[in-house]
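In our numbering, the protein residues as written are 942 to 1457.
The structure is reproduced here in structure tokens:
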């Protein structure tokens, strides 16, 4: 949650800093150069200004060919660094793709400030003559000249090249398939002003943008973005000159269910739609992909990639943390309804045993007020009512809600700020699944899944074989790295990437032969 005055102050400071003539530099490093569809691409993104970490908190990564976009993700940055994992969809064809990485700052500076590189992708199940790819069968795939021999399962200490303060990323990948793309450069396509029309650097967190749905002429008077789950997170919308609305979020990561509510002057719901934050950059042209591979290695890796794609497709969406607090405040009254006799609806529940709430009728509309134990009085203004984090403006609709679906009731007194607005007390109802069970949304309201930035996922080295990458260390600042060699014998490649002390990109690859 971002308090109003603190947000304004931070934005003024941030805009002043970014308005200077300093140029932000974005760099991106991937765990390998060539992938199969279904695998995950591991990427690290750095953002710096004059060699020092940038204040940007979010980076954007896009993967595209010359015709369309295939994968996108946001990366949460801390001190100018962040990393993420991107599933490569099975709809991708075989060939070269452009990987673009940028922040709102570098996006504003134009094409030259955006980091671009080339990756290769193989769709082993749908190889076509139309694919811009040449596969060369080879029992001795292209490997770096330096060859090291280690025993399977041995723990070895490997010296690393000298890098700048950001350290380096290290990956070990299986052999059998290789493509030398380090010298390939994508063509520069003039960028369009995607995302926001009003420039706002993301120095607090990701800025969500929404607009009135097409075909709707109603004028928005109030609008909020709410995250649906077991933690209440609300953000007021800030209107932009082009008529869109910005919601300044902070500290949110992963796929989350969100709801944008908007109302006109008569309290009628206005349908809203989220605007993609990505710039959707496409290259003018891409080089032909040449792959050296062993047929057996391709078959085995394709089978693992299909398995990983199935796992990703069936993985449940991440959810908000279970919490009994609102904006770090402790509730004045807290009820776990499993400890009480179940009632038919919320109206009956409030009447029988819930304390700290008073219900009044004004002009035929029910209003709820919270009780403050310190002042021993009820608030003079109605409370904000939440159901799984979603604001409820029709109290009667909630009073008729099935009480069996609710797990917790939390009552907060005092004044709370949500962006530019405030309320006198909050009454939060949390269902057992935190997903608005059996609650009927109003016309124009739609629950949507939104992919917020990935917040430094832990590299799963124990499961890394499913990515075809046996080891992935996104950020190593030591002079040496202790690594346990893979348990399966064969040929591997270790790649070290980063920047040298002078700020130039370094990329060193070593061939490793693992024997029994």
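C-beta atoms are modelled at their ideal positions from N, C-alpha and C, and glycine is treated no differently.
Contact the stretch 1244-1252 vs the stretch 1086-1096: 3+ CB pairs below 8 Å = Remark: fewer than three beta-carbon pairs, one from each stretch, lie closer than 8 Å, so the stretch 1244-1252 and the stretch 1086-1096 are not flagged as touching.
For residue 1455, does the three-state DSSP call read helix, strand or coil?
-> Correct three-state label for residue 1455: strand.
Taking C-alpha atoms, which residue in 1410, 1424, 1055 lies nearest to residue 983?
-> For the residues 1410, 1424, 1055, the minimum Cα distance to residue 983 belongs to 1410.
How long is the line joining the alpha carbons of residue 1321 and residue 1194, rounded to whole angstroms?
-> Using only the alpha carbons, I get a separation of about 36 Å.
Nearest to residue 990 (by Cα), restricted to the options 1039, 1165, 1054, 1011 = The residue from 1039, 1165, 1054, 1011 with its alpha-carbon nearest to that of residue 990 is 1054.
Please report how far the alpha carbon of residue 1044 lies from the alpha carbon of residue 1105, in whole angstroms.
-> Between residue 1044 and residue 1105, the alpha-carbon positions lie close to 21 Å from each other.
What's the C-alpha gap between residue 1276 and residue 1372?
-> Here the C-alpha atom of residue 1276 lies approximately 12 Å from the C-alpha atom of residue 1372.
Under a Cβ-count criterion, where at least 16 other Cβ atoms within 10 Å of its own Cβ denotes burial, should residue 975 be classed as buried or exposed?
-> Residue 975 should be labelled buried.
With 16 other CB atoms within 10 Å as the buried threshold, where does residue 1004 fall?
-> It counts as buried.
Are the beta-carbon atoms belonging to residue 1075 and residue 1202 less than 8 Å from one another?
-> For residue 1075 and residue 1202, no; Cβs fall outside 8 Å.
To the nearest angstrom, how far is it from the Cα of residue 1283 to the Cα of residue 1295?
-> Those two C-alpha atoms are separated by around 12 Å.
Could I get the ranges of all uninterrupted beta strand (DSSP E) runs contained in the stretch 1359-1394, with 3 residues as the minimum, in chain order?
-> As far as the stretch 1359-1394 is concerned, its whole beta strand (DSSP E) runs of at least 3 residues are 1362-1372, 1388-1392.
Does the Cβ of residue 1056 have 16 or more other Cβ atoms within 10 Å, making it buried, or fewer, making it exposed?
-> Flag for residue 1056 reads buried.
Within 10 angstroms of its Cβ, does residue 1235 collect 16 or more other Cβ (buried), or is it exposed?
-> Residue 1235 should be labelled buried.
With a threshold of 16 other CB atoms inside 10 Å of the CB of residue 1399, please say whether the residue is buried or exposed.
-> Answer is exposed; the Cβ neighbour count stays below 16.
Give the single residue among 1417, 1423, 1255, 1102 whose Cα lies nearest to the Cα of residue 1443.
-> Comparing Cα positions, the closest option is 1102.
In three-state terms, what does DSSP make of residue 1237?
-> Looking at residue 1237 - three-state DSSP - the assignment turns out to be helix.
Residue 946, buried or exposed, once every other Cβ within 10 Å from all chains shown has been counted against 16 | Model confidence at residue 946 stands at a pLDDT of 37, short of 50, so the residue's coordinates are unreliable; what they give is reported in the following sentence. Around the CB of residue 946, fewer than 16 other CB atoms lie within 10 Å, so the residue is classed as exposed.
Check whether the Cβ atoms of residue 1312 and residue 1299 lie closer than 8 Å to each other.
-> Cβ atoms of residue 1312 and residue 1299: closer than 8 Å.
To the nearest whole angstrom, what separates the beta carbons of residue 1216 and residue 1185, a pair I think is in contact under 8 Å?
-> Contact holds; Cβ gap of about 6 Å.
Under a Cβ-count criterion, where at least 16 other Cβ atoms within 10 Å of its own Cβ denotes burial, should residue 1305 be classed as buried or exposed?
-> By the neighbour-count definition (other C-beta atoms within 10 Å, threshold 16), residue 1305 is an exposed residue.
So, using beta-carbon positions, are residue 1035 and residue 1062 closer together than 8 Å?
-> Taking 8 Å as the Cβ cut-off, residue 1035 and residue 1062 qualify as a contacting pair.
CA-to-CA distance, residue 970 to residue 1000, given in whole angstroms = Their Cα atoms are separated by approximately 13 Å.
Please list, in chain order, all residues of the same chain as residue 1288 whose beta carbon is under 7 Å from its beta carbon, the five residues on each side excluded.
-> 1340, 1341, listed in sequence order.
Residue closest to residue 1167, alpha-carbon to alpha-carbon, out of 1433, 1111, 1189, 1002 = Comparing Cα-Cα distances from residue 1167 to each of 1433, 1111, 1189, 1002, the minimum goes to 1189.
Using the beta-carbon count (16 or more within 10 Å), is residue 1364 buried or exposed?
-> Counting other Cβ atoms within 10 Å of its Cβ, residue 1364 reaches 16 or more and is therefore classed as buried.
Three or more beta-carbon pairs under 8 Å between the stretch 1346-1355 and the stretch 1368-1384, yes or no?
-> Yes, the stretch 1346-1355 touches the stretch 1368-1384.
Starting from residue 1337, follow the alpha helix (DSSP H) in both directions and report where the run begins and ends.
-> Start and end: 1336-1340.
Selected residue, minimal CA-CA separation from residue 1157, among 1329, 1009, 1385, 1143 = In this structure, 1385 is the residue among 1329, 1009, 1385, 1143 with its C-alpha nearest to the C-alpha of residue 1157.
Residue range of the beta strand (DSSP E) that includes residue 985 | Counting along the chain, the beta strand (DSSP E) containing residue 985 begins and ends at 981-990.
At what residues does the beta strand (DSSP E) containing residue 1048 begin and finish?
-> Where residue 1048 is concerned, there is no enclosing beta strand (DSSP E), although the alpha helix (DSSP H) it sits in stretches over 1045-1050.
Confirm, please, whether the CB-CB distance from residue 1329 to residue 1376 is below 8 Å.
-> The Cβ atoms of residue 1376 and residue 1329 sit closer than 8 Å to each other.
Give every residue of the same chain whose Cβ lies closer than 8 Å to the Cβ of residue 1205, excluding the five residues on either side of it in the sequence, and list them in chain order.
-> Around residue 1205: 1159, 1160, 1161, 1162, 1211.
What is the rounded straight-line gap between the Cα of residue 1147 and the Cα of residue 1393?
-> C-alpha separation (whole angstroms): 7 Å.
Between the Cα of residue 1459 and those of 1038, 998, 1453, spot the shortest distance and give me the residue it belongs to.
-> The structure shown does not extend to residue 1459, since the chain is modelled only from 942 to 1457, so the question has no answer here.
Going by DSSP, name the residue or residues bridged to residue 1196.
-> Bridge pairing for residue 1196: 1392 [DSSP].
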